[in-house]
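By the count of our numbering, the sequence shown reaches residue 520 at its end, each step adding exactly one.
Ideal placement from N, C-alpha and C gives every residue a C-beta, glycine not left out.
On a predicted model such as this, the values are computed, not experimentally measured, just so you know.
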Amino acid sequence: MHRQSISELAQSLRDKKFSSVELTQHYLDRIKRIDPQLNSYVTVTEEIALAQAKIADERLASGDSNPLCGIPIAHKDIFCTEGVRTSCGSKMLDNFVPPYNATVVENYLDAGAVMLGKVNMDEFAMGSSNETSYYGPVKNPWDTRCVPGGSSGGSAASVAAMLAAGATATDTGGSIRQPASHCGLTGIKPTYGRASRYGMIAFASSLDQAGVLTRSAKDAAIMMNSLISFDQKDSTSVDVAKEDYLQNLETSVEGITIGVPKEYFGDGLKIETAALVQEAIDQYEKMGAKIKEISLPHSSLAVPAYYVIAPAECSANLSRFDGVRYGYRCENPKDLEDLYKRSRGEAFGEEVKRRILVGTYALSAGYFDAYYNKAQQVRRLIKQDFDEAFKDVDVIMGPTCTSPAFKFDSKGSDPVAMYLEDIYTIATNLAGLPGLSIPCGLVDNKPVGLQIIGPAFAEGKLLNIAHQFQLATDFHTLTAPDLD
């Protein structure tokens with residue numbers, strides 16, 4: 037059962053080959069057996085999952101046509117879930133049980149999807165390897181000596197190991213697309229404001245966006261149909277017409293123009309990765325697409341601009357975790373100042389502390405104009421580069437990451453080397469654009485991802501272009517070695 041896609045599982049449920057309760061129990065049994073090797077789940081909600089599956093079976097029996105009804109999925113542990121611990125991968129929220137659901141979680145409940153549990157992540161979504169989690173690192177199912185990518189490493193590993201049919205995730209600077217690349221999955225980050233951020237614990241408010249990780253573009257389209265909604269509870273939510281992402285998947289790519297930035301194929305990109313990405317672009321040309329070299333001249337400034345803006349916003353957002361209202365509180369504080377200092381010092385991990393300090397410095401008097409304002413000006417230049425490019429091309433393609441998944445502890449002592457892992461993904465977040473990664477081959481038996489970037493609200497186009505590639509190739513059908 038677990039080898040079937042979401043669309044295949046949906047058909048099997050309707051054909052009564054098995055029930056949602058049977059399917060859910062099958063996934064729960066796999067999680068018990070396999071996840072100790074991966075550490076992808078923080079909380080498994082067995083009782084809730086089986087109760088939801090029973091309700092889904094009743095809905096299916098009454099003719100519910102939603103393709104997610106009865107499908108077991110996992111939620112990144114950054115989304116608030118009523119009555120279920122939401123830790124954000126941090127000691128700070130290890131005891132936090134929200135009294136409400138995030139809108140994203142509510143949307144999937146409305147669709148009839150079954151929540152298997154909450155999956156691991158870098159602490160407060162700060163990391164590119166899932167090594168910063170309070171609950172320990174997540175291992176890559178393709179090679180357990182390697183990272184799965186971050187911060188949505190638990191989401192990626194659970195889907196790649198077939199411990200969930202699909203998973204929600206978030207992307208602040210590449211945290212969906214990078215683990216998608218490292219784990220051989222399809223991962224999509226929508227346009228900023230397209231998915232609700234209500235109930236999604238904030239890291240960097242102008243960059244964070246919810247998305248999904250699945251095994252194919254068609255599965256991603258199914259999950260995106262429930263993910264996307266206008267939400268009055270979220271002031272950054274964009275009120276645009278809802279789209280059926282399954283509707284145009286079969287449209288040919290013949291005649292589309294693909295832009296290939298010359299800056300994405302320079303120093304730092306591994307030769308083997310570049311070759312596979314180029315082969316994928318050549319495949320699109322064989323399918324009738326036109327290829328055009330373009331320039332994104334300010335792309336080299338994306339990483340430094342991001343690592344001023346994101347920490348500044350993180351510094352502001354994480355100031356709420358003070359040991360007073362909820363979350364971790366130190367024992368026997370001497371006074372209020374001691375309560376603040378020790379609660380935050382004891383509960384935040386090293387990477388989170390580093391970013392808070394950088395952000396606080398960038399926002400401080402005397403440095404605000406020199407750093408934060410300057411970074412925002414650079415952000416505008418990066419957005420203008422994309423605007424100019426999309427006057428001549430329909431989408432932009434390039435590598436998702438510089439290389440396949442790297443080994444644990446290989447970059448931990450050098451934060452800058454870790455930050456550069458997101459060199460091809462960060463600009464998309466700064467510009468608020470949709471981005472998608474699909475598998476395009478293997479290097480040393482580890483997946484490599486092709487990144488596709490589109491103009492604002494072009495999620496349907498990206499999914500169509502990805503689906504057409506997956507009809508012509510079989511990279512997305514390759515699975516990690518069986519850990520049974």
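By DSSP, does Leu354 sit in helix, in strand, or in coil?
Under the three-state reduction of DSSP, Leu354 is assigned to helix.
Helix, strand or coil: how does DSSP classify Glu329 here?
Correct three-state label for Glu329: strand.
Per the DSSP calculation, Gln245 is bridged to which residue(s)?
DSSP, once it has assigned bridges, lists Asp207 as partnering Gln245.
Taking the beta strand (DSSP E) that Gly432 belongs to, which residues open and close that run?
Reading off the sequence shown, one finds Ile at residue 432, where the question assumed Gly. Element bounds for Ile432: Val431 to Pro435.
Please identify the residue among Leu478, Thr461 and Met433 whose C-alpha is closest to the C-alpha of Glu329.
If we check each option's Cα against that of Glu329, Met433 comes out closest.
Distance, Arg181 Cα to Thr222 Cα:
Roughly 22 Å separates the two Cα atoms.
7 Å CB neighbourhood of Ala201 in its chain, flanking five on each side removed
Correct list, in chain order: Ile42, Leu45, Ile107, Pro108 and Ile109.
Quick one, are the C-beta atoms of Asn353 and Ala238 less than 8 Å apart?
In this structure, Ala238 lies closer than 8 Å to Asn353 by Cβ.
DSSP state of Gln268 mapped onto helix, strand, coil:
Coil.
Can you tell me whether Leu285 is helix, strand or coil according to DSSP?
Three-state result, Leu285: coil.
Less than 8 Å between the beta carbons of Ile114 and Thr206, yes or no?
In contact: Ile114 and Thr206 (Cβ atoms closer than 8 Å).
Check whether the Cβ atoms of Val24 and Ala89 lie closer than 8 Å to each other.
Past the edges of the chain, shown from 37 to 520, lies residue 24, and the structure says nothing about it.
Taking the alpha-carbon positions, what's the Ser101 to Leu285 distance?
In this model, Ser101 and Leu285 are separated by some 19 Å (Cα to Cα).
State the beta-bridge partners of Val120 as determined by DSSP.
Partner(s): Thr117.
3 or more residues per run - each beta strand (DSSP E) lying fully within the stretch 65-128:
Under the rule that a run must span 3 or more residues, the beta strand (DSSP E) segments found entirely inside the stretch 65-128 read 77-80 and 108-112.
Would the beta-carbon of Leu282 fall within 8 Å of that of Ala257?
Contact: yes.
Cα-Cα separation, Ala231 to Leu152:
Their Cα atoms are separated by approximately 22 Å.
First and last residue of the beta strand (DSSP E) that includes Ile474?
Its beta strand (DSSP E) spans residues Gly471 to Val479.
Comparing alpha-carbon positions, which option in Pro470, Tyr144, Gln506 and Ala192 lies nearest Gln319?
Put simply, of Pro470, Tyr144, Gln506 and Ala192 the residue whose alpha carbon is nearest the alpha carbon of Gln319 is Gln506.
Measure the Cβ-Cβ separation of Pro483 and His218 and say whether it is below 8 Å.
Yes; because the gap between Cβ atoms is below 8 Å, this pair is in contact.
Contact defined as beta carbons within less than 8 Å: I believe Tyr234 pairs with Asp267. What is the distance between those atoms, to the nearest angstrom?
Contact check for Tyr234 and Asp267: beta-carbon distance about 5 Å, within the 8 Å limit, so the pair qualifies.
Count the other C-beta atoms from every protein chain shown that fall within 10 angstroms of the C-beta of Gly395, then say buried if there are 16 or more, exposed otherwise.
The residue in question, Gly395, is buried, as its Cβ has 16 or more Cβ neighbours within 10 Å.
Helix, strand or coil at Pro491 according to DSSP, with G and I counted as helix:
In the structure shown, the three-state DSSP call for Pro491 is coil.
Straight-line gap, Ala97 to Leu375 (C-alpha atoms, nearest Å):
Roughly 54 Å separates the two Cα atoms.
Am I right that Ala516 and Ala197 are in contact with their C-beta atoms under 8 Å? What's the rounded C-beta distance?
Ala516 to Ala197, Cβ: 6 Å. Contact.
Just verifying my parser: in three-state terms, what is the DSSP assignment at Asn131?
Shown here, Asn131 sits in coil according to DSSP, grouped into three states, outside any helix or strand.
Mark Thr81 as exposed unless 16 or more other C-beta atoms lie within 10 angstroms of its C-beta, in which case mark it buried.
Buried, since its Cβ has 16 or more Cβ neighbours within 10 Å.
Spatial neighbours of Val414 within its chain, please: C-beta separation below 6 Å, excluding the five flanking residues on both sides.
Only Leu337 and Ala341 meet the Cβ criterion.
Complete alpha helix (DSSP H) runs within the stretch 180-243 (minimum length 4 residues, chain order)
As far as the stretch 180-243 is concerned, its whole alpha helix (DSSP H) runs of at least 4 residues are 189-196 and 213-219.
Are the beta-carbon atoms belonging to Ile489 and Ile501 less than 8 Å from one another?
In this structure, Ile501 does not lie closer than 8 Å to Ile489 by Cβ.
Could you check which residue in Val452, Gly468, Asp445 and Leu399 has the C-alpha nearest to that of Gln420?
Closest by alpha carbon: Gly468.
Indicate the three-state DSSP secondary structure (helix, strand or coil) for Thr168 in the structure shown.
In the structure shown, Thr168 falls within a coil segment according to DSSP collapsed to helix, strand and coil.
Can Ser473 and Arg213 be called in contact, C-beta distance under 8 Å?
A contact, by the Cβ cut-off of 8 Å.
Taking only runs of the beta strand (DSSP E) that begin and end inside the stretch 292-343, which ones reach a length of at least 3 residues, in chain order?
The stretch 292-343 contains these whole beta strand (DSSP E) runs: 293-297 and 326-330.
With DSSP as the reference, label Met259 as helix, strand or coil.
Correct three-state label for Met259: helix.
If you follow the beta strand (DSSP E) that Ser410 is in, where does it begin and where does it stop?
In the sequence as displayed, the identity of residue 410 is Lys instead of Ser. In the DSSP annotation of this structure, Lys410 is not part of any beta strand (DSSP E); the continuous alpha helix (DSSP H) holding it starts and ends at Lys410 to Ala425.
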